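S.K.: This is the structure I have questions about; it appears just below.
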Amino acid sequence: MKGTLLFGLLTLVSLFTNAQVNSERYRYYFEKSRSIENDDLKLASLYADSILIVLAEEHIVDDSLKFKAYYQKANVLKKQGDFEKSFEVLNRVDTSTLSLLLLADYLNLVGILYESKGNYSESLRCHLRSLAIGKKIGDSKKIAVALNSIAFVYRAMDQQEKAIDVLEEMMTFCPDEDLMCKARALFNTGLMILELDRHEEAIPYFRKAVQGLEEEENLHLFSVYYNNLANCYERLLHIDPSFYDSSILYGNKSLAIKQKVGNLSGVANSHNQLAATYERASDYKNSRKHALLALELADSLGLKSLKRNALSYLITAQIELEIKDNTTALFEDYIDVVNELREEATSEVVNDMAARYETEKKEAENIALREESAQQKKIAYLLIGIAITLVLLIVLLAYLYRLKLRTNLKLADDKEVIQKQSEKLKEVNDLKSRFFANISHELRTPLTLIQGNADAILRLDKIPAQAVDPAKKIRRNVKQMTVLVNDLLDLSKLELQKNVVKLKPLYIDPLVARVVAAFLSLAESNLIELQYHSDIPPKTVVDLDEVQFEKVMNNLIYNSFKFVTMGGRVNIHTSVSSDKVILKVVDNGRGIPTADLPYIFDRFYQAGMSDDNKKGSGLGLAISKELIELMNGKISAYNNEEGGATLEIHLPVSSLVPSLQDELVSTEDLKSSEDLDVHFDVLKVPSDSSVLVVEDNKLLQSYLSDVLRDHFELHIADNGKEALDLLKHIRPDLILTDVMMPVMDGWELLSKIREDAALSKIPVIVLTAVAENAERLKGLRLGVDDYIIKPFEVDELLVRLSNVINNLRERIKWAKEFAEEEKQDLSEENQLVIEIRDFVKNNMADSKLNVTQLAMHLGLSERQLYRKTAESVGLSPSKLITEIRLQQARELLVSKRYDKLAQISQEIGFESTSYFSKLYLERFGKKPTDYFS
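Okay, so the sequence shown: first residue is 640 according to our numbering, each after it adds one.
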C-alpha cells in the first residue's frame, strides 16, 4: 500500500516537472521563432515546427497556447510565400474558443493571405471584422493593425490614394507610446507615395517614420528604410546631381545592416541599388564592382530576378569601360536569364490558354451542330431574362425604399411616444415630490398644535394627577408621528435617489459602540439585557454615511426590542470575514414567523406576531435595506435554532483611511454642548414688542396667539397679501410667517419685503413643515433671519423670537449713539458691510481675527469703524464678526456639510466648542448638536 502511494506521488512530481520543462521549451521555441523571423526565415520556420511538435507530444490543451503556435507557423509560411500551407495551418484553429483579442489577430492574418491570392473582397471582409472587434473592445493597437492591412489591400488594387487616406486614419489610433505603430503608418504612406512616382515627396515620410527608433533594435526596418531612400535619390539624380552623395550614403548603410544580420538576398539587392546609382552618375567602375558582387550572390542563391538586374548593370559598365573580355558571354547569359524568367512567368498562362483552347474547340464543334435560329432564340431569351431581372430589381429597390421610409416614420413616431412617456413619468415624479411635501406640511401643522397643547397642559400649576399620564402619552405619540412623517420623507428621497447617502471612510467599531450605548437606558427601562461584542480590529474602516448608518442601526435594534419580552436579551456582534464586516443583531425573543421572513424588508409590511402597541409603519426595515444597499452592503434576516431572530448586515472593508477630522471623537464636544442647558424662564424683551404672524391655518393661528400674546403685541394675517396690506399701516418688530399659503406664499412675501426699503430691515422668521435642507438654504439666501421646523418646542420658538427682537433693538441703540456723526450714503454703507463680510469669511478659520486687523484692512481707524458699523447694522465690529461667524455656522449645520461639532467650530474660528455652543444657543435658541439628531 505504501509502495503504491509512493509510486503515485513520484508520478505526480514527474508530470509536474515535465509540464514545467515543456512549458519552458514551448516558450523558448516561440520566442526564438518570433525574434528571427525578419532575419532568417528558414531558422524561424524550424523553430515554429518545434513549437508544433511540443504541442502534439505533450497534448497541451490551453486554447491560447495552441492558437499562438499555429499562428506563428502560418505567419512564417506567409513570409516565405507559401500561402496554401499557411491556410492549411490556420484551418486547424477552432475560432469558437478564441477570445476577441486572438480572433482579431486570426482575421488579420487570414485577410493578408486572401490579399496575396488576389481575393480582395474576402480580404477586406476579414480586415473589416478585425477592425470592428478592435473598436468593440476599445483596443487602439488592434484598430491600427487592421487599418494598415486594409491600406495594403487598396495598394494591391492600385488604389494608392485610398490607401494613403486609410493610413492617415491609422495614425490617429496609434497609442502615443507605440513608436513602431506610428513608424509603420508613416513608412507605408511614404511607400504609397513612392509608387505614385512622387519620389521627392516620399522622402520626408521615410525620415519621420524612424524618428525616435533605435537602429539596433529595428535593423530590418532601417535596412529597408535606407534602401528606399537610396532608390528615391537615385531616381532624382536627373533633377539634381547633388542627390548622388545621399543615394550612395543610404545605399551603403542598407548594405551594412543586411551584411550584419546575414540577409544575403538583401545584400544582393543593396549591391544592385548601388550599381544603379553609380551607373546613373556615370561612375561605371564602381557600378561594375557592385554588379559583380550582386551577380555572385544571385548565382549562389538562385535568385534569377536579382541576377538579371546585376547582369544589366554589369554589361552597361563593361561597354562604357570598353572591356571586351567576356562581355559577349555576359550578354548571352543575360538573354538566357530573361528568357527563363519570361518562361516561368508565362508557363502557367500558356497551360491555361491551351486548356481553354481545347475546351473552346469542342464547344465550337457542338455549337456548329446547332441551327442559327436556336442561337438567336437563346440570345432573345437572354435579353428577356435581363429585362425581367432589371424590372424585378427596380421593383425590389422601390419596395425597399418604401419599407425604409415606413420604418423611419415608425421610428420617429415611437421616439415621439417614448419622449412623451418620459415627460409624463417626470411629471408623475414631480407630482409625487409635491405630494410628499404637502403631506409633510399638512401632518406637521396639526402635530404642532397637539404637541403645543400637551405642553401647555403639563406646564399648568394645578393639573389633576389623572391628566398627567394622558398628556405625556399625547406627547409621546406626537413624537412617534413625527418619526413616521420623517420615514415618509426618507422613502421619497430613496425613490428619487436624491442625495440619500454620502459615503466616506469611517472606523466602524466605535460607531457601533456609540449607537448601542444610546439604547442602554431604554433597554434597562424595559428590563432587556443589551450587549455589544466586537471581534474586529479597532481600526477597521468601512465606507459609510454616518447619519444614515446610525438610522439603520436604530431601526434594527428597536425592531429586536419589539420582539423581546422583559428579561430578554439582545446581542450585537461584529466580525470580519473575506474582506467583509459582518454585523449581527441577535435576540432571544419569539422570532419572526416563517411566513413573514421573505417579506419583512418590503415596504409597509408588518410582522404578524409583534404586539399591536409596538407595531410601526412597516417602513423602518425597508428603508434600512435600501440604505444598506446604497452603502454597497447586504442585509438579511433569519430565525435562530435556539429561538429568537438575527438581523445580519454585510459591508465591504475599505482600503481608504479616515481623514484626521473624521478620527476626532466628538463625544466631549457633544457632552459639553448637552451640559450647556440655558433655561429661559423669563423672556428679556421690551413689553411693547410687536409680532406679525402670517399663517393660513386657523387652529395654528389660535395656538400661536395663546403662546405669544403674553409676551408680544400680536397682528394676524391669513396670507402674504393680507400681510403686505397690514404693513402699510403697522411696523412690527418681527414677522413670523409660514411658507405654504394660498394667494401669496411666504417666499413671495419675503421677496416683496426685501424689495421695499421701508420694510427691508424688519427681521423675518420662517415657520414651516418643509424639512428639506434645500428649502432651508433657500430661505437663508433670501435673507431669512431664522428658520423653525414644525413641530417645535414652545421654549425654542420664544427664545428665537426674543433673540431676533433683541438684536434689532441693539442695532437701533447703536444707530442712535452715533446719530450725531457724519451720515454716509446708503450704497457706501452696503459696500462696507459686504467688504467686512468678505474679509471675515476669507479669514473665518483664524481664531485670532480682531477689530484692529479689520480696521487696517479697510483703511479706517477703530473709531471710524465703530461708527460706520453702528450706522450700517447697529452692531459693534466685534459683535458683527461674531454674528458673521454664527451665520456661517448655521449654514454649515443646516446643509449638513459636516457631521462633527469640532469640525464646524474649527471652520468658523472658535477654539472652544463649548463657548461656540453657548453663543449659538443664545443667538438661535437651539443647540448645535440638535442638528445632528
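Backbone N, C-alpha and C fix where the C-beta goes; we use that ideal spot for every residue, glycine too. Because the structure is a prediction, the values reported are computed rather than measured.
Please state the DSSP three-state secondary structure of Pro1237.
M.R.: The answer is helix: DSSP assigns Pro1237 an H, G or I state.
S.K.: Are three or more beta carbon pairs between the region 796-810 and the region 836-855 nearer than 8 Å?
M.R.: No contact exists between the region 796-810 and the region 836-855.
S.K.: Give every residue of the same chain whose Cβ lies closer than 8 Å to the Cβ of Asp1569, excluding the five residues on either side of it in the sequence, and list them in chain order.
M.R.: Cβ within range, chain order: n/a, list empty.
S.K.: Give the DSSP-derived three-state secondary structure of Pro1144 in the structure shown.
M.R.: Pro1144 falls in the strand class under three-state DSSP.
S.K.: What's the gap between the Cα of Phe1555 and the Cα of Glu1432?
M.R.: Distance between the alpha carbons of Phe1555 and Glu1432: 22 Å.
S.K.: Do you know how far the Cα of Leu786 is from the Cα of Leu770?
M.R.: Leu770 and Leu786: Cα-Cα distance of roughly 7 Å.
S.K.: Output yes or no for whether 7 Å exceeds the beta carbon distance between Arg1529 and Ile1547.
M.R.: No, they are not a contact pair.
S.K.: From the DSSP output, in three-state form, read off Thr1087 for me.
M.R.: Helix.
S.K.: Decide if the region 1190-1208 is in contact with the region 1172-1182; the criterion is three or more beta carbon pairs, one per stretch, under 8 Å apart.
M.R.: Contact fails: fewer than three Cβ-Cβ distances are below 8 Å.
S.K.: Check Ser779 in the structure and name its three-state DSSP category.
M.R.: Ser779: helix per DSSP, three-state reduction.
S.K.: Kindly indicate which three-state DSSP category Glu1287 falls into: helix, strand or coil?
M.R.: Residue state, collapsed to three classes: strand.
S.K.: Starting from the Cα of Pro1176, find the closest Cα among Val1215, Gly1207 and Phe1158 and give me that residue.
M.R.: Checking every option, the nearest Cα to that of Pro1176 belongs to Val1215.
S.K.: Assuming Leu1406 and Gly1359 make a contact with CB atoms under 8 Å, what is their CB distance in whole Å?
M.R.: In fact, because the Cβ distance is near 13 Å, the residues do not count as touching under 8 Å.
S.K.: Using 8 Å as the threshold, is the region 1287-1298 in touch with the region 1259-1276, meaning 3 or more CB pairs across them?
M.R.: Counting Cβ pairs under 8 Å, three or more are found: they touch.
S.K.: Would you check if the distance between the CB atom of Glu754 and the CB atom of Ser762 is smaller than 7 Å?
M.R.: Yes.
S.K.: Using the rule of at least 16 other Cβ atoms within 10 Å of the residue's Cβ for burial, across every protein chain shown, is Arg1562 buried or exposed?
M.R.: Burial call: buried.
S.K.: Relative to the C-alpha of Leu1142, which candidate in Thr736, Arg673, Tyr710 and Tyr1537 has its C-alpha closest?
M.R.: Out of Thr736, Arg673, Tyr710 and Tyr1537, Tyr1537 has the C-alpha closest to the C-alpha of Leu1142.
S.K.: I'd like to confirm the pairing. Which residues does DSSP put opposite Ile1374 in its beta bridges?
M.R.: According to DSSP, Ile1374 bridges with Leu1331 and Val1403.
S.K.: What does the Cβ neighbour count give for Ser1544, buried or exposed, with the cut at 16 atoms within 10 Å?
M.R.: Ser1544 is buried by the Cβ-count criterion.
S.K.: Applying the criterion that 16 or more other CB atoms from any shown protein chain within 10 Å of the CB defines a buried residue, is Met1205 buried or exposed?
M.R.: Under this definition Met1205 is an exposed residue.
S.K.: Write down the C-beta distance between Ala713 and Leu741 rounded to the nearest angstrom, noting that I regard them as a contact closer than 8 Å.
M.R.: In fact, because the Cβ distance is near 13 Å, the residues do not count as touching under 8 Å.
S.K.: Out of Met810, Thr811 and Ile789, point me to the one whose CA is closest to Lys801's CA.
M.R.: The option with the nearest alpha carbon to Lys801 is Ile789.
S.K.: Would Tyr1382 and Ala1356 qualify as a contact pair, given that the criterion is a beta-carbon distance under 7 Å?
M.R.: Residue identity check: residue 1382 is Val in the sequence provided, not Tyr. No, these two residues do not count as a Cβ contact at 7 Å.
S.K.: By a C-beta neighbour count over all protein chains shown, 10 Å radius and 16 as the cutoff for buried, is Ile772 buried or exposed?
M.R.: It is buried - the Cβ of Ile772 has at least 16 other Cβ atoms within 10 Å.
S.K.: According to DSSP, Leu1356 sits in a beta bridge with which residue or residues?
M.R.: Note that residue 1356 is Ala in the sequence shown, not Leu. In DSSP, Ala1356 forms a bridge with Val1333.
S.K.: Buried or exposed for Tyr865, going by 16 or more other Cβ atoms inside 10 Å?
M.R.: Under this definition Tyr865 is a buried residue.
S.K.: Could you pull out every unbroken alpha helix (DSSP H) segment of at least 4 residues lying fully inside the region 737-773, listed in chain order?
M.R.: The region 737-773 contains these whole alpha helix (DSSP H) runs: 739-755.
S.K.: Quick one: Cα of Ala1458 to Cα of Glu1185, how far?
M.R.: Caution applies to Ala1458, whose pLDDT of 45 falls short of 50 and renders its modelled position unreliable; the value that the coordinates give is listed next. Answer to the nearest angstrom: the Cα atoms are 52 Å apart.
S.K.: Beta-carbon separation of Arg919 and Leu876 under 7 Å?
M.R.: Cβ distance < 7 Å, so Arg919 and Leu876 count as in contact.
S.K.: DSSP on Ile962, reduced to helix/strand/coil?
M.R.: Three-state DSSP puts Ile962 in coil, outside helix and strand.
S.K.: Does DSSP classify Leu1183 as helix, strand or coil?
M.R.: Residue state, collapsed to three classes: strand.
S.K.: Quick one: is Tyr1505 buried, meaning 16 or more other Cβ sit within 10 Å of its Cβ, or exposed?
M.R.: The residue is buried, with at least 16 neighbouring Cβ atoms inside 10 Å.
S.K.: Which parts of the region 1501-1534 are runs of the alpha helix (DSSP H), unbroken and 4 residues or longer, counting only runs that do not cross its ends?
M.R.: Runs found: 1501-1512 and 1516-1534.
S.K.: Kindly indicate which residue of Pro1237, Ile896 and Asn827 has the alpha-carbon position closest to the one of Asn857.
M.R.: Closest option to Asn857, Cα to Cα, is Ile896.
S.K.: From the DSSP output, in three-state form, read off Thr1213 for me.
M.R.: Thr1213 falls in the strand class under three-state DSSP.
S.K.: Got a sec: does the ligand SAH put a non-hydrogen atom nearer than 6 Å to the Cβ of Gly1024?
M.R.: You won't find the ligand SAH in this model; it holds no ligand whatsoever.
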